[in-house]
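Everything on this sheet refers to the single structure shown next.
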């Protein structure tokens with residue numbers, strides 16, 4: 070290790086490598102956030118696997134970099150220093166070098182160097198930049214591969230609730246980079262403590278952090294969340310594009326930022342951030358589909374199958390059947406059905422929370438794809454039943470256009486078709502209309518619907534008709550026995566083909 | 004709709020004798036104004052005629068002739084972003 074500009078003094082060296090950024094892989098890749106542990110064992114295992122006895126500190130940056138350099142040298146027979154590496158073939162050496170880089174350097178070193186850089190010690194900051202350049206160049210020589218083991222093995226918090234008074238889990242998470250997604254140094258903490266006006270206690274990060282969370286919980290969380298977000302962006306921007314390891318770090322830091330911003334009692338949930346989706350194993354066939362999860366969520370929100378079904382515009386039986394089949398697929402009971410009603414099982418409550426996050430992301434995907442579509446779709450095709458087309462839509466369309474103009478938006482171009490309700494339903498189902506308006510006691514099967522108003526059929530007569538002078542309401546039997554004039558629902562003019570709106574010249578529905 | 008509501012009210016399947024079936028609301032309205040028959044139409048269509056006393060509304064006992072007006076679409080819980088969603092939001096907010 071050589072400094073580019075100046076030689077670091079002893080104090081600087083201690084500040085950086087002892088107090089803030091110890092240069093050991095296990096500190097950044099271990100679940101404990103400290104020296105040693107399984108993370109160090111994994112590195113030692115790598116040394117043994119290539120036939121070299123591990124040194125006293127197998128995961129020290131210097132040991133790893135010199136091993137990396139040594140593996141890059143061509144095997145020389147009789148080279149004493151190379152020792153057991155000498156008989157290895159060039160191919161085996163290249164594979165070992167690739168594994169060392171990908172598994173034991175690349176997963177932690179870029180973030181580590183950023184953390185050193187942050188300390189602002191001139192000599193060591195330039196050292197960090199130098200190493201980063203070399204590392205980036207080396208990354209270009211290796212093809213990458215599956216997510217490094219240390220990251221795959223990183224603990225995923227189950228779902229403990231972090232209580233404001235007992236932040237044990239939170240401290241575990243924040244002091245281990247591989248859990249939080251970012252490097253939290255003592256220096257960083259003391260800056261944060263000053264900013265939050267919390268007394269800074271010198272010592273282990275854990276103690277400092279606990280004191281800060283007790284004295285100024287909201288400010289501390291805000292700072293931590295911003296810090297995690299800053300790191301997430303930093304991991305994200307690190308090349309090369311699509312690098313699975315750096316994307317993993319970005320996802321993990323983003324999740325931490327989100328958790329800390331979410332409030333006082335934070336639920337740790339399964340990571341669902343896109344950057345975290347880096348699994349090689351495809352999803353099992355036991356994941357319920359989005360529509361079923363949406364129904365589960367509606368039941369969770371409304372507390373009732375009945376209300377949920379009304380909200381979704383489908384029958385209660387359909388919701389019940391859909392949730393039941395999701396339960397069968399997942400192999401987990403999600404809804405407890407009792408004679409008095411339905412409620413979520415404890416598993417259902419947790420599943421609904423996960424589903425909410427998944428659906429939020431799915432909603433973004435939906436909206437994003439729709440935004441692509443709207444670029445090409447400036448015309449809205451509306452199909453409406455005669456009554457609605459005649460009586461309501463003209464007013465709606467006029468005020469919609471006026472509202473769009475008022476807000477300075479381009480007014481949507483609307484093409485309206487008037488037909489009977491069955492035809493409207495068919496046109497929407499077959500994609501000939503983007504939006505339909507129908508009347509009837511229930512929404513058509515298999516379509517989304519929302520009640521937009523109510524209407525009533527009334528019996529009318531000419532004012533000189535005997536019924537107009539009645540004192541008593543008409544009995545149903547009397548009405549059933551009378552001959553009436555009716556509008557034929559399936560009228561020929563309007564059912565075989567879409568017809569122009571009734572107010573259009575030449576319309577058969579005029 | 005009418006047949007179903009009457010059948011429900013009477014507890015037996017009934018067929019309403021239709022003297023004249025016309026394809027448009029306007030034609031039905033004209034037929035009522037011109038002649039002797041009663042008609043069953045949407046309240047929305049005849050509200051103006053009733054308030055102007057060109058037509059009289061006859062109350063019917065025990066028959067539910069209310070119906071919902073619905074927007075329908077395919078796909079997600081909301082219509083696609085853009086004009087379709089705007090129109091639905093406009094219609095539901097302006098109610």
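Residue numbers (this note's numbering), protein chains in the order written: chain V, 70 to 579; chain R, 4 to 98.
Glycine residues also receive a C-beta, built at the ideal position from the N, C-alpha and C atoms.
Only a predicted model underlies this, so the values are computations on that prediction, with no experimental measurement involved.
Is residue 503 (chain V) close to chain R, meaning its C-beta is less than 8 Å from at least one C-beta of that chain?
For the purposes of this step, residue 503 (chain V) is taken as residue 434 along the first chain, with counting starting at 1. It does: the Cβ of residue 503 (chain V) has a partner Cβ on chain R nearer than 8 Å.
Use the C-beta contact count for residue 125 (chain V): other C-beta atoms within 10 angstroms, 16 or more gives buried, fewer gives exposed.
Position 56 of the first chain, counted from the first residue, corresponds to residue 125 (chain V). Exposed.
CB-CB under 6 Å to residue 580 (chain V), same chain, minus the five flanking residues each way: which ones, in chain order?
In the structure as shown, chain V starts at 70 and stops at 579, and residue 580 (chain V) therefore has no counterpart that could be examined.
I need the straight-line Cα distance from residue 445 (chain V) to residue 481 (chain V), nearest angstrom please.
Numbered from 1 along the first chain, position 376 holds the residue referred to as residue 445 (chain V). Numbered from 1 along the first chain, position 412 holds the residue referred to as residue 481 (chain V). With a pLDDT of only 46 at residue 445 (chain V), under the threshold of 50, the placement of this residue in the model should not be trusted, and no figure is reported.
How many Å lie between residue 201 (chain V) and residue 322 (chain V) at the Cα?
By 1-based counting over the first chain, the position of residue 201 (chain V) is 132. By 1-based counting over the first chain, the position of residue 322 (chain V) is 253. Rounded to whole angstroms, residue 201 (chain V) to residue 322 (chain V) spans 20 Å at the Cα level.
Taking the alpha helix (DSSP H) that residue 110 (chain V) falls in, what are its first and last residues?
By one-based count along the first chain, residue 110 (chain V) stands at place 41. Residues 106-118.
With DSSP run on the structure shown, which of helix, strand or coil describes residue 83 (chain V)?
Within the first chain, numbered from 1, the residue matching residue 83 (chain V) stands at position 14. DSSP places residue 83 (chain V) in helix when its eight states are reduced to three.
Can you name, in chain order, every residue of its own chain whose Cβ lies under 8 Å from the Cβ of residue 265 (chain V), other than the five neighbours on each side?
Taking the first chain and counting its residues from 1, the one referred to as residue 265 (chain V) is at position 196. Taken in chain order, the residues that qualify are 281, 284, 285, 288, 289, 292.
Where do the N-terminal and C-terminal ends of the beta strand (DSSP E) with residue 506 (chain V) fall, by residue?
Within the first chain, numbered from 1, the residue matching residue 506 (chain V) stands at position 437. It spans 504-509 - the beta strand (DSSP E) in which residue 506 (chain V) sits, taken as one unbroken run.
Can you pull the chain V neighbours of residue 34 (chain R), defined as C-beta to C-beta under 9 Å?
Your numbering for residue 34 (chain R) matches position 31 in the second chain. In chain order: 554.
Within this structure, are the beta carbons of residue 63 (chain R) and residue 542 (chain V) separated by less than 8 Å?
In the second chain, the residue the question calls residue 63 (chain R) occupies position 60. In the first chain, the residue the question calls residue 542 (chain V) occupies position 473. Going by C-beta atoms, residue 63 (chain R) is nearer than 8 Å to residue 542 (chain V).
Name the DSSP beta bridge partners of residue 411 (chain V), please?
Here residue 411 (chain V) is taken as the residue at index 342 of the first chain, counted from 1. Checking the DSSP bridge columns, you'll see residue 411 (chain V) partnered with V:406.
Coarse secondary structure for residue 313 (chain V), derived from DSSP in three states
Here the question's residue 313 (chain V) lines up with position 244 in the first chain. Reduced to three states, the DSSP call for residue 313 (chain V) is helix.
What's the C-alpha gap between residue 362 (chain V) and residue 432 (chain V)?
Here residue 362 (chain V) refers to the residue found at position 293 when the first chain is read from its first residue. Here residue 432 (chain V) refers to the residue found at position 363 when the first chain is read from its first residue. Their Cα atoms are separated by approximately 13 Å.
Residue 141 (chain V): first and last residue of the uninterrupted alpha helix (DSSP H) it sits in
As a first step, residue 141 (chain V) must be located in the first chain, where it is residue number 72. Per DSSP, the continuous alpha helix (DSSP H) segment holding residue 141 (chain V) begins and ends at 130-141.
Leaving out the 5 sequence neighbours to the left and right, which residues in its chain are closer than 7 Å to residue 330 (chain V) when beta-carbon positions are compared?
What you label residue 330 (chain V) is simply residue 261 of the first chain in a count that begins at 1. Contacts found: 294.
When the distance is taken between beta carbons, is residue 385 (chain V) closer than 8 Å to residue 357 (chain V)?
As a position in the first chain, residue 357 (chain V) is number 288, starting the count at 1. As a position in the first chain, residue 385 (chain V) is number 316, starting the count at 1. Going by C-beta atoms, residue 357 (chain V) is not nearer than 8 Å to residue 385 (chain V).
Taking contact to mean 3 or more Cβ pairs, one atom from each stretch, closer than 8 Å, check whether the segment 31-42 of chain R and the segment 446-464 of chain V are in contact.
no
With a cut-off of 8 Å on the beta carbons, I'd call residue 418 (chain V) and residue 41 (chain R) a contact; round off their distance for me.
Here residue 418 (chain V) refers to the residue found at position 349 of the first chain. Here residue 41 (chain R) refers to the residue found at position 38 of the second chain. At roughly 56 Å, the Cβ-Cβ gap does not stay under 8 Å, so residue 418 (chain V) and residue 41 (chain R) are not in contact.
For residue 47 (chain R) and residue 517 (chain V), I'd like the C-alpha separation in whole angstroms.
What you label residue 47 (chain R) is simply residue 44 of the second chain in a count that begins at 1. What you label residue 517 (chain V) is simply residue 448 of the first chain in a count that begins at 1. The straight-line gap from Cα to Cα measures roughly 25 Å.
Am I right that residue 45 (chain R) and residue 526 (chain V) are in contact with their C-beta atoms under 8 Å? What's the rounded C-beta distance?
Locating residue 45 (chain R) in the second chain gives position 42, where the first residue counts as 1. Locating residue 526 (chain V) in the first chain gives position 457, where the first residue counts as 1. Indeed they touch by this definition, with Cβ atoms about 6 Å apart.
Would a C-beta distance cut-off of 8 Å place residue 59 (chain R) and residue 534 (chain V) closer than the cut-off?
The residue given as residue 59 (chain R) occupies position 56 in the second chain. The residue given as residue 534 (chain V) occupies position 465 in the first chain. It is a contact, given that the beta carbons lie within the stated cut-off.
Residue 190 (chain V) versus V:249, V:78, V:410, residue with shortest Cα-Cα distance:
The residue given as residue 190 (chain V) occupies position 121 in the first chain. The residue with the shortest Cα to Cα distance from residue 190 (chain V) is V:78.
Under 8 Å by Cβ, that's how I've got residue 178 (chain V) and residue 115 (chain V) pegged, so tell me the actual separation to the nearest angstrom.
Within the first chain, numbered from 1, the residue matching residue 178 (chain V) stands at position 109. Within the first chain, numbered from 1, the residue matching residue 115 (chain V) stands at position 46. So it is not a contact: roughly 15 Å between Cβ atoms.
Beta-carbon contacts of residue 247 (chain V) that lie in its chain and below 6 Å, excluding the five residues immediately before and after
Sequence index remark: in the first chain, residue 247 (chain V) carries index 178 (1-based). If we look at residue 247 (chain V) and ignore the five residues flanking it on each side, its Cβ neighbours are 98, 223.
Ordered along the chain, which non-local residues of its own chain (more than five positions away) have a Cβ less than 7 Å from that of residue 421 (chain V)?
As a working note, residue 421 (chain V) is residue 352 in the first chain. Here the set comprises 365, 366, 369, 413.
Taking CB distances under 8 Å as the criterion, tell me whether residue 460 (chain V) reaches chain R.
Counting from one through the first chain, the residue named residue 460 (chain V) turns up at place 391. Closer than 8 Å to some Cβ of chain R, the Cβ of residue 460 (chain V) qualifies, so yes.
Exposed or buried, what is residue 85 (chain V) when buried is set at 16 or more other beta-carbons lying within 10 Å of its beta-carbon?
As a first step, residue 85 (chain V) must be located in the first chain, where it is residue number 16. Label assigned to residue 85 (chain V): buried.
Could you tell me whether the Cβ atoms of residue 507 (chain V) and residue 494 (chain V) are closer together than 8 Å?
Within the first chain, residue 507 (chain V) is the residue found at index 438, counting from 1. Within the first chain, residue 494 (chain V) is the residue found at index 425, counting from 1. With respect to the 8 Å criterion, residue 507 (chain V) and residue 494 (chain V) are classified as neighbours on the basis of their beta carbons.
Beta carbon of residue 582 (chain V) nearer than 8 Å to that of residue 171 (chain V)
Since the first and last residues shown for chain V are 70 and 579, residue 582 (chain V) lies out of range.
Do the CB positions of residue 66 (chain R) and residue 12 (chain R) come within less than 8 Å of each other?
To locate residue 66 (chain R), count along the second chain from 1; it is residue 63. To locate residue 12 (chain R), count along the second chain from 1; it is residue 9. Cβ distance < 8 Å, so residue 66 (chain R) and residue 12 (chain R) count as in contact.
For chain V, is any of its Cβ atoms less than 8 Å away from the one on residue 55 (chain R)?
Locating residue 55 (chain R) in the second chain gives position 52, counting from the first residue. It does not; no Cβ of chain V falls within 8 Å.
In the DSSP output, what is residue 482 (chain V) paired with across the bridge?
Within the first chain, the letter at position 413 stands for residue 482 (chain V). Answer is V:448, bridged to residue 482 (chain V).
Keeping to the same chain, check which residues put their C-beta closer than 7 Å to that of residue 243 (chain V); ignore five residues upstream and five downstream.
On the first chain, residue 243 (chain V) is found 174 positions in, with the first residue counted as 1. Taken in chain order, the residues that qualify are 249, 253, 278, 293.
In chain order, what residues of the same chain lie with their CB nearer than 6 Å to the CB of residue 504 (chain V), ignoring the 5 residues before and after it?
What you label residue 504 (chain V) is simply residue 435 of the first chain in a count that begins at 1. The answer, listed in chain order, is 451.
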